[in-house]
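Shown next, in structure tokens, is the structure this report addresses.
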Amino acid sequence: MRWQTRGTCRNHDPELFFPPDDGQGLDDAPAVQQQVAAARHVCRFCPVQRECLAWALDSGEDHGVWAATIPGERRLMRRLRLAGASASFGDAASCPACALLFPMPAVDGELCPACVERRAA
């Protein structure tokens with residue numbers, strides 16, 4: 001896992017990437033949401049985002065922010081991958097994390113948070 005030594009997160013407190021959760025997902029408290037947003041901001045500019053997401057998905061990592069994704073998003077990505085989600089969705093508004101597995105702009109009609117931020121920029 002040499003990619004970890006090139007991660008932007010290496011220059012930040014690891015606690016930033018592990019906000020409190022209730023075992024089922026991240027807490028909805030404003031402070032937790034701010035922490036998640038700050039972690040996503042770091043991840044968005046990371047040169048090893050794809051490797052990080054691949055590792056988090058393959059290892060079943062279900063805690064923390066990895067490659068700008070939270071546990072619920074990674075669970076959904078794993079389910080879609082297991083279900084054989086098609087990779088022919090085009091490239092509209094896809095974030096780098098989504099494009100790793102399936103360049104789909106939306107899941108159930110909603111963009112992932114990274115795509116929403118990118119579209120707003």
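FYI, the UniProt record's numbering numbers position 26 of the sequence shown as 26, with every residue one higher than the one before it.
By construction, the Cβ of each residue, glycine as well, lies at the ideal position given by its N, Cα and C atoms.
The structure presented is a predicted model; accordingly, all values stated were derived computationally and were not measured.
Cβ neighbours of residue i in the same chain (closer than 7 Å, five flanking residues each side left out)
i	result
Phe17	Cys9, Ala39, Gly64, Val65
Val48	Trp3, Arg6, Gly7
His12	Val42
Cβ shell of residue i (< 6 Å), same chain only, five flanking positions each side left out
i	result
Arg79	none
Leu100	Bear in mind that the predicted position of Leu100 carries a pLDDT of just 40, short of 50, making it too unreliable to give a figure here.
Reference residue i; option with closest CA among the options
i	options	result
Arg81	Asp58, Ala68, Ala67, Thr69	Asp58
Supposed contact pair residue j and residue i - C-beta distance, whole angstroms, cut 8 Å
i	j	result
Val42	Pro19	That belief does not hold up - the Cβ atoms of Val42 and Pro19 are roughly 13 Å apart, past 8 Å.
So, do the segment 46–57 and the segment 65–84 have three or more beta carbon pairs nearer to each other than 8 Å?
Output reads yes: the segment 65–84 touches the segment 46–57.
Entirely within the segment 14–89 and at least 3 residues each: give me those beta strand (DSSP E) ranges in chain order.
none
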